[in-house]
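Enquirer:
There are 2 protein chains.
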Amino acid sequence: MTNDEAALPARVELAWGLRDHGRRGPKPGLTLERIVAAGIEVARTDGIAAVSMARVAGELGVGTMSLYRYVGAKDELISVMADTAFGAADLGPDEAGPDEAGPDGWRAGLTHWADGLRASYRRNPWLLEVPVSATMLAPNTVSWMEAALRWMAGTPLPEQQKLSTALLLSGFVRNEATLSIDIAGAASLEFGATLARLTDEVRFPALHRAIASGSLDDDDDLDDEFDFGLQCILDGVAALIERHRPQQSRTHRR
Amino acid sequence: MTNDEAALPARVELAWGLRDHGRRGPKPGLTLERIVAAGIEVARTDGIAAVSMARVAGELGVGTMSLYRYVGAKDELISVMADTAFGAADLGPDEAGPDEAGPDGWRAGLTHWADGLRASYRRNPWLLEVPVSATMLAPNTVSWMEAALRWMAGTPLPEQQKLSTALLLSGFVRNEATLSIDIAGAASLEFGATLARLTDEVRFPALHRAIASGSLDDDDDLDDEFDFGLQCILDGVAALIERHRPQQSRTHRR
DNA sequence: TCGATCTGCGTATGTCATACGCGATTGTGC
DNA sequence: GCACAATCGCGTATGACATACGCAGATCGA
Numbered sequence: 003m004t005n006d007e008a009a010l011p012a013r014v015e016l017a018w019g020l021r022d023h024g025r026r027g028p029k030p031g032l033t034l035e036r037i038v039a040a041g042i043e044v045a046r047t048d049g050i051a052a053v054s055m056a057r058v059a060g061e062l063g064v065g066t067m068s069l070y071r072y073v074g075a076k077d078e079l080i081s082v083m084a085d086t087a088f089g090a091a092d093l094g095p096d097e098a099g100p101d102e103a104g105p106d107g108w109r110a111g112l113t114h115w116a117d118g119l120r121a122s123y124r125r126n127p128w129l130l131e132v133p134v135s136a137t138m139l140a141p142n143t144v145s146w147m148e149a150a151l152r153w154m155a156g157t158p159l160p161e162q163q164k165l166s167t168a169l170l171l172s173g174f175v176r177n178e179a180t181l182s183i184d185i186a187g188a189a190s191l192e193f194g195a196t197l198a199r200l201t202d203e204v205r206f207p208a209l210h211r212a213i214a215s216g217s218l219d220d221d222d223d224l225d226d227e228f229d230f231g232l233q234c235i236l237d238g239v240a241a242l243i244e245r246h247r248p249q250q251s252r253t254h255r256r
Numbered sequence: 003m004t005n006d007e008a009a010l011p012a013r014v015e016l017a018w019g020l021r022d023h024g025r026r027g028p029k030p031g032l033t034l035e036r037i038v039a040a041g042i043e044v045a046r047t048d049g050i051a052a053v054s055m056a057r058v059a060g061e062l063g064v065g066t067m068s069l070y071r072y073v074g075a076k077d078e079l080i081s082v083m084a085d086t087a088f089g090a091a092d093l094g095p096d097e098a099g100p101d102e103a104g105p106d107g108w109r110a111g112l113t114h115w116a117d118g119l120r121a122s123y124r125r126n127p128w129l130l131e132v133p134v135s136a137t138m139l140a141p142n143t144v145s146w147m148e149a150a151l152r153w154m155a156g157t158p159l160p161e162q163q164k165l166s167t168a169l170l171l172s173g174f175v176r177n178e179a180t181l182s183i184d185i186a187g188a189a190s191l192e193f194g195a196t197l198a199r200l201t202d203e204v205r206f207p208a209l210h211r212a213i214a215s216g217s218l219d220d221d222d223d224l225d226d227e228f229d230f231g232l233q234c235i236l237d238g239v240a241a242l243i244e245r246h247r248p249q250q251s252r253t254h255r256r
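Those protein sequences? They're chains S and R, same order as listed.
Counting from 1 along the first sequence, just add 2 to a position and that's the residue number in the numbering used here.
Counting from 1 along the second sequence, just add 2 to a position and that's the residue number in the numbering used here.
#1: Is DSSP giving glycine 89/R helix, strand or coil here?
#2: Just the Cα atoms here: how many angstroms apart are valine 53/R and alanine 75/R?
#3: List the residues of chain S that phenylalanine 88/R touches, going by C-beta distances under 8 Å, in chain order.
#4: Comparing alpha-carbon positions, which option in Val144/R, Thr201/R, Ser172/R and Leu130/R lies nearest glycine 194/S?
#5: What are the residues in the region 186-206 of chain R lying within 9 Å of chain S by C-beta distance?
#6: Isoleucine 80/R to glycine 63/R, Cα distance in whole Å?
#7: Are the beta-carbon atoms belonging to glycine 31/S and methionine 83/S less than 7 Å from one another?
#8: Would you say phenylalanine 228/R faces chain S, with C-beta separation under 7 Å as the test?
#9: What are the start and end residues of the alpha helix (DSSP H) that includes serine 145/R?
#10: Output yes or no for whether 7 Å exceeds the beta carbon distance between leucine 236/S and alanine 179/S.
#11: Tell me, please, whether the CB atom of asparagine 177/S is closer than 7 Å to any CB atom in chain R?
#12: Identify which residue in Ile243/S, Arg71/S and His114/S has its Cα closest to the Cα of aspartate 229/S.
#13: With H, G and I counted as helix, E and B as strand and the rest as coil, what does DSSP make of tryptophan 18/S?
#14: Considering only the beta carbon of each residue, do valine 38/R and threonine 86/R sit closer than 7 Å?
#15: Can you name the residues of chain R whose CB is closer than 8 Å to the CB of leucine 262/S?
#16: Can you give me the C-alpha to C-alpha distance between threonine 1/S and methionine 55/S, rounded to a whole angstrom?
#17: Under 8 Å between beta-carbons, which chain R residues line up against isoleucine 50/S? List them in chain order, please.
#18: Using the beta-carbon of each residue, which ones in chain S are nearer than 9 Å to leucine 242/R?
#19: Any beta carbon of chain R sitting closer than 7 Å to that of glutamate 161/S?
#20: When burial is assigned at 16 or more other CB atoms within 10 Å of the CB, is leucine 119/S buried or exposed?
#21: In its own chain, which residues sit with a C-beta less than 7 Å from the C-beta of alanine 59/R, not counting the 5 before and 5 after it?
#22: Helix, strand or coil: which one does DSSP assign to aspartate 48/R?
#23: Taking the straight line between their C-alpha atoms, what separation do you get for leucine 1/R and histidine 210/S?
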């Protein structure tokens with residue numbers, strides 16, 4: 003098959019478990035899994051800023067430098083932590099044909115997918131502080147991509163556009179999660195009121211109007227906000243699909 | 003304990019220039035503007051990780067601690083740097099009526115707006131490493147919001163949904179910019195080839211199909227990617243607007 | 001049994017943000 | 001003019017952090 007020709011990034015090797023641990027020497031007293039779990043626990047309780055090598059090691063009752071027998075650097079640990087926290091995606095019905103769920107199955111599927119991804123962010127808000135590039139090639143993150151593509155399998159979209167749609171949606175979910183956190187964090191200081199104080203209606207008439215309408219005062223509109231954006235995007239995808247449906251023949255791109 | 007009622011976050015006060023500098027004492031040898039400019043220059047050339055208080059001070063030929071006479075903490079500096087780097091938005095025709103650009107002016111306007119915001123990210127890629135919450139209430143960031151709302155002024159959408167759309171779009175632009183960076187960064191390691199090596203067609207059939215179609219090999223498809231997502235979202239907004247027009251007004255769009 | 005290899009981990013180094021305080025400077029009230 | 005308090009630039013100190021290096025003991029293949 004594919005042998006290891008070009009060097010994979012260390013973070014990728016680690017996340018996929020492609021590490022050559024020799025067989026000689028003392029038994030390892032730790033496992034990567036335990037370290038990752040301890041790191042996630044620290045991140046969940048005290049935020050990602052509290053995740054230091056010393057702290058994680060302390061949580062496990064070992065010396066700081068012991069961790070470096072299992073991870074090459076802190077960034078690698080964070081990457082594996084993040085991918086683990088995302089969890090595996092629901093890949094849907096196992097060996098389904100392309101049109102398993104009706105002509106509009108993609109819409110329900112992608113909605114389910116987005117909800118699941120959102121739940122991951124909710125469970126681990128610190129994921130939002132990990133740059134997306136950290137998990138790009140990690141197994142669970144890849145499984146989320148696979149899942150999105152599977153929900154679109156029965157769709158006449160070209161592969162390129164399926165991929166684009168998946169990226170668009172995963173970015174959207176991440177954004178909404180970020181907004182939720184930020185708005186929740188700013189709510190204690192009355193976001194709307196603060197903004198109103200800074201924006202006079204002369205320089206910022208449109209914004210002033212929006213604030214005056216009280217749109218920012220409802221603090222638990224976050225679900226509506228999410229649904230609004232998701233439906234907006236899915237409507238756009240629907241239009242795209244419709245545009246692709248009339249001709250069933252091979253669409254030669256560009 | 004300021005003149006205003008509730009205490010504004012320090013970062014907000016600084017960004018809006020609401021700082022009470024006394025009049026006694028020696029003349030300040032520095033200005034906030036010079037410090038911010040130096041910081042931006044460091045970030046642009048060596049990345050945001052290189053922006054340390056010592057480095058910025060060194061760039062200005064002053065002692066590290068001198069900076070703290072002008073900013074309360076590093077985070078405040080980063081916030082003002084980021085807002086400055088975004089620049090002010092193009093607020094469009096100054097005193098335009100609600101329907102200044104025809105019934106579909108919003109679409110061209112928001113496209114222009116998205117392009118402008120994208121250009122800001124392009125000019126200063128390090129902005130992507132600054133958390134969005136850092137600039138949330140800063141003046142230029144607010145002006146971008148104002149601009150988006152103005153382009154939608156002639157639209158029957160309720161204020162709430164204009165706001166949601168603006169947030170959706172600003173998040174989208176940020177995501178696409180992030181993707182551009184990441185894909186460009188991973189291109190040197192053949193992103194598609196690496197992914198293909200990790201994903202067998204048994205566990206990841208949909209992904210394998212997408213990769214096999216060569217969608218990931220075109221490296222300068224980034225403009226297409228951006229347009230794709232933007233049109234997707236704007237189509238969704240158009241559908242929403244159509245749904246909000248009370249009576250059938252026969253808007254036959256060409 | 002012996003050496004190669006691996007373990008946990010103490011120590012040292014260098015970077016960073018920033019608290020604290022000192023001497024110099026300058027506007028203000030007398 | 002003068003005293004004083006506010007403000008300046010900034011040297012020094014502190015404590016957190018990632019991590020390079022190397023040692024002593026454990027374990028396995030020979």
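Glycine included, C-beta positions come from ideal geometry on N, C-alpha and C.
Expert: Short version:
#1: coil
#2: 13 Å
#3: Chain S residues near phenylalanine 88/R: none, gap ~16 Å exceeds 8 Å.
#4: Val144/R
#5: Gly187, Ala188, Leu191, Glu192, Phe193, Ala195, Thr196, Leu197, Ala198, Arg199, Leu200, Thr201, Asp202, Arg205 and Phe206
#6: 19 Å
#7: no
#8: no
#9: 141-153
#10: no
#11: yes
#12: His114/S
#13: coil
#14: yes
#15: Outside the shown range of chain S (3 to 256) lies residue 262/S, about which nothing can therefore be said.
#16: Past the boundaries of the shown model lies residue 1/S; chain S is included only from 3 to 256, so the question cannot be answered.
#17: The contacting residues do not exist; isoleucine 50/S stays about 12 Å from chain R at best.
#18: Phe230, Gln233, Cys234 and Asp237
#19: yes
#20: buried
#21: Gly65, Thr66, Ser68 and Leu69
#22: helix
#23: The structure shown has nothing for residue 1/R, since chain R only spans 3 to 256.
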